[in-house]
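Let me begin by presenting the structure, written as structure tokens, before commenting on it.
There are 2 protein chains.
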Amino acid sequence: MKSEKISQLTTNRLSIYLRCLKELASEGLTSVSSDSLADRFHLNSAQIRKDLAYFGEFGVRGVGYDIALLRDHIIRILGLDRSYNLAIIGAGRLGSALVDYEGLLRSSFHVKALFDVDPKKIGKKVGGITITDLKNFQSVVKKANIDVAVIAVPANAAPDVFEKIKKAGIRAVLNFAPVRLNADDEMRVRSLDVNSGLESLSYFLTERPQPGDKPKPAGKARKSAQ
Amino acid sequence: MKSEKISQLTTNRLSIYLRCLKELASEGLTSVSSDSLADRFHLNSAQIRKDLAYFGEFGVRGVGYDIALLRDHIIRILGLDRSYNLAIIGAGRLGSALVDYEGLLRSSFHVKALFDVDPKKIGKKVGGITITDLKNFQSVVKKANIDVAVIAVPANAAPDVFEKIKKAGIRAVLNFAPVRLNADDEMRVRSLDVNSGLESLSYFLTERPQPGDKPKPAGKARKSAQ
DNA sequence: ACCTGTGAAATCGTTCACAGCA
DNA sequence: TGCTGTGAACGATTTCACAGGT
Numbered sequence: 001m002k003s004e005k006i007s008q009l010t011t012n013r014l015s016i017y018l019r020c021l022k023e024l025a026s027e028g029l030t031s032v033s034s035d036s037l038a039d040r041f042h043l044n045s046a047q048i049r050k051d052l053a054y055f056g057e058f059g060v061r062g063v064g065y066d067i068a069l070l071r072d073h074i075i076r077i078l079g080l081d082r083s084y085n086l087a088i089i090g091a092g093r094l095g096s097a098l099v100d101y102e103g104l105l106r107s108s109f110h111v112k113a114l115f116d117v118d119p120k121k122i123g124k125k126v127g128g129i130t131i132t133d134l135k136n137f138q139s140v141v142k143k144a145n146i147d148v149a150v151i152a153v154p155a156n157a158a159p160d161v162f163e164k165i166k167k168a169g170i171r172a173v174l175n176f177a178p179v180r181l182n183a184d185d186e187m188r189v190r191s192l193d194v195n196s197g198l199e200s201l202s203y204f205l206t207e208r209p210q211p212g213d214k215p216k217p218a219g220k221a222r223k224s225a226q
Numbered sequence: 227m228k229s230e231k232i233s234q235l236t237t238n239r240l241s242i243y244l245r246c247l248k249e250l251a252s253e254g255l256t257s258v259s260s261d262s263l264a265d266r267f268h269l270n271s272a273q274i275r276k277d278l279a280y281f282g283e284f285g286v287r288g289v290g291y292d293i294a295l296l297r298d299h300i301i302r303i304l305g306l307d308r309s310y311n312l313a314i315i316g317a318g319r320l321g322s323a324l325v326d327y328e329g330l331l332r333s334s335f336h337v338k339a340l341f342d343v344d345p346k347k348i349g350k351k352v353g354g355i356t357i358t359d360l361k362n363f364q365s366v367v368k369k370a371n372i373d374v375a376v377i378a379v380p381a382n383a384a385p386d387v388f389e390k391i392k393k394a395g396i397r398a399v400l401n402f403a404p405v406r407l408n409a410d411d412e413m414r415v416r417s418l419d420v421n422s423g424l425e426s427l428s429y430f431l432t433e434r435p436q437p438g439d440k441p442k443p444a445g446k447a448r449k450s451a452q
């Protein structure tokens, strides 16, 4: 508990716990122990306790956690007790889908701007948001007080867009393009990348006969079949 | 080296290395050292070497790695040298966007079926794929030899859809719904969850004054201010 | 009796540093 | 000399197991 650094693994799990607590709350439950929470959602109870302990003592020994209370604590810890303005770059199918994604409606995140470079799209509306020319990115971002940029453009356009985001001083990026974006320490990029997801599934489906009967030497021409 | 278990972190990085190698190859380069690869893409060269070493000796001491060769090795390791049939469940904006997502076009993954429950959608086409009634899931999955299911339905529908996927014997799932799906060991679920992504950004943006000056005891009523 | 919070142990992952090959 | 492959050191994360509240 001292002022240690909190690992990202921990905060990602807080996000999961929050979702679980919301589900329990919606069932009308009021209290839960780390064990029952773990059983129900396939988590580890010691880890739940440890994760929470980094931030305070939210439970009562012998009793468990008050669901509503713990939920609100996690909301505060994650910074979800305020609202964030999003800008989406790329008004293709994905970008448009995000504008009125149901999950965003009840959340702390609100789409305030949608950009594209296609003159045929600029000026049109998607879910109440007018598509703006990417040329005006910087000024619109300032005016709308954007906190988070969402990259929903094709891979080849993503690096340029990322530079624009950097220049505009936006510190948080959600990236859907299948590219590596090199962020400095001032920024945080989260990539939700369909390809990586599928590739990891591919590895899982590839039943390796043995994970360790590998080909041997490298070299360009096999020295001889011998 | 020995038949150790390969960590998921390693295979995820292979996916990244693959992307990097493709980029280098497209620039006409033929050879690269772990150091230059690391510099260029902000990776760690020792880690690259170690990750690769789990699967074989792909490099040449004093020289480096042959880009095309290493790329092909990783493709084989990840099981990307064959093709996979996808079924997408949910023909909303997200599901439809995925059907002709550019990233999928040049990949090993091919959308073979698209399901929905909405009678108004069933029978219509999206990017060459006819939307099928979810009722026929099991039989269509068998006929089309589906390897991977993609969940693109609202959160409340996701658990039922997941059960259907399980019953149909599909072992790999890409989940876009913001819910926890409890997979057994036979299955692998990868969740690409917009909400978790945003919540992790939210934590990052929440400048904690000190990560460790927490509230203290819990308990319902403070015993006294004393 | 029950359940949290937490040191200590165990496990897992990363980085170092260098032997050995081209 | 240059760069890989790899034990060994280090660091991070998870799990155990129990002291201490209620």
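As they're listed, the protein sequences go chains A and B. FYI, the numbering for the first sequence is 1 to 226, going by the numbering used here. FYI, the numbering for the second sequence is 227 to 452, going by the numbering used here. Each residue gets a CB set at the ideal place from its N, CA and C atoms; glycine is no exception.
Residue i - partner residues in DSSP beta bridges
i        : result
B:Lys346 : BP columns for B:Lys346 are empty, so no partner.
A:Thr11  : Partner(s): none; A:Thr11 has no beta bridge.
B:Ala339 : B:Ala313
A:Ala172 : A:Val148, A:Arg188
A:Lys125 : A:Thr130
B:Val258 : B:Tyr291
B:Val286 : B:Gly290
Chain-ordered chain A contacts of residue i [CB-CB under 8 Å]
i        : result
B:Asp373 : Leu205
Own chain, CB closer than 8 Å to residue i, minus 5 neighbours either side, in chain order
i        : result
B:Gly282 : His299
A:Lys22  : Arg71
A:Thr30  : Asp66, Ile67, Ala68
A:Gln138 : Lys164, Lys167, Ala168
A:Leu134 : Ile89, Phe115, Asp116, Val117, Val161, Lys164
B:Asp277 : Thr236, Arg239, Leu240, Tyr243
Alpha carbon of residue i to alpha carbon of residue j, nearest angstrom
i        : j        : result
B:Ile301 : A:Val150 : 29 Å
A:Asp116 : A:Ala91  : 6 Å
B:Leu235 : A:Ile88  : 29 Å
B:Arg239 : B:Ala378 : 26 Å
B:Leu340 : B:Ile355 : 7 Å
B:Leu244 : A:Pro154 : 18 Å
B:Lys369 : B:Ile242 : 33 Å
B:Ser305 : B:Tyr291 : The residue you asked about is not Ser; residue 305 of chain B is Gly in the sequence shown. Their Cα atoms are separated by approximately 20 Å.
B:Met413 : B:Asp373 : 11 Å
B:Ala383 : B:Val258 : 48 Å
A:Val63  : B:Leu431 : 34 Å
B:Arg448 : B:Glu425 : Residue placement at B:Arg448 cannot be trusted, given a pLDDT of 28 that sits under 50; what the coordinates show is reported in the next sentence. So the alpha carbons of these two residues sit roughly 30 Å apart.
B:Ile333 : B:Arg319 : The displayed chain sequence assigns Ser, not Ile, to residue 333 of chain B. Using only the alpha carbons, I get a separation of about 22 Å.
B:Gly423 : B:Ala251 : 31 Å
B:Ser417 : B:Glu230 : 26 Å
B:Pro404 : B:Asp419 : 6 Å
B:Gly321 : A:Gln47  : 35 Å
A:Asp81  : B:Gly285 : 51 Å
B:Thr237 : B:Asp411 : 18 Å
B:Leu331 : B:Ser309 : 12 Å
B:Val367 : B:Ile396 : 9 Å
8 Å Cβ cut-off: residues of chain B touching residue i
i       : result
A:Leu78 : Glu425, Ser428, Tyr429, Thr432
A:Phe41 : Arg406, Asn408
A:Arg49 : Correct list: empty, because the minimum Cβ distance to chain B is about 13 Å.
A:Ile16 : Arg406, Ser422
Residues of its chain near residue i, where Cβ-Cβ distance is below 7 Å and the 5 sequence neighbours each way are ignored
i        : result
A:Val189 : Val173, Asn175, Leu181, Ala183
B:Asn270 : Ala264
B:Cys246 : Leu263, Phe267
A:Val99  : Ile88, Val111, Leu114, Val126, Gly127, Ile129
A:Ile77  : Leu14, Phe55
Partner residues on chain A for residue i, Cβ-Cβ distance less than 9 Å
i        : result
B:Tyr327 : Arg93, Leu94, Val194
B:Thr237 : Glu199, Ser200, Tyr203, Phe204
Residue i: contacting residues in chain B (beta-carbon distance under 7 Å)
i        : result
A:Phe109 : Leu424
A:Arg188 : Leu427, Phe430
Neighbouring residues, chain A, relative to residue i (Cβ below 7 Å)
i        : result
B:Ala323 : Arg93, Leu94, Ala97
Contacts around residue i, its chain only, beta-carbon distance under 6 Å, and the 5 residues preceding and following it disregarded
i        : result
A:Ile6   : Tyr54
B:Lys338 : Asn311, Ala370
A:Phe162 : Leu181
Point to revise | Residues, ordered as in the chain, of the stretch 160 to 178 of chain A that lie near chain B by beta-carbon distance below 7 Å | key: Arg171, Ala172, Leu174, Pro178
Practice item. Mind checking the stretch 243 to 257 of chain B against chain A and listing, in chain order, the residues whose C-beta falls within less than 9 Å of any C-beta there? Key: Going along the stretch 243 to 257 of chain B in chain order, one finds Leu244, Arg245, Cys246, Glu249 with a Cβ nearer than 9 Å to chain A.
Point to revise | Contact list for the stretch 342 to 355 of chain B against chain A, Cβ threshold 8 Å | key: Those would be none; no residue qualifies.
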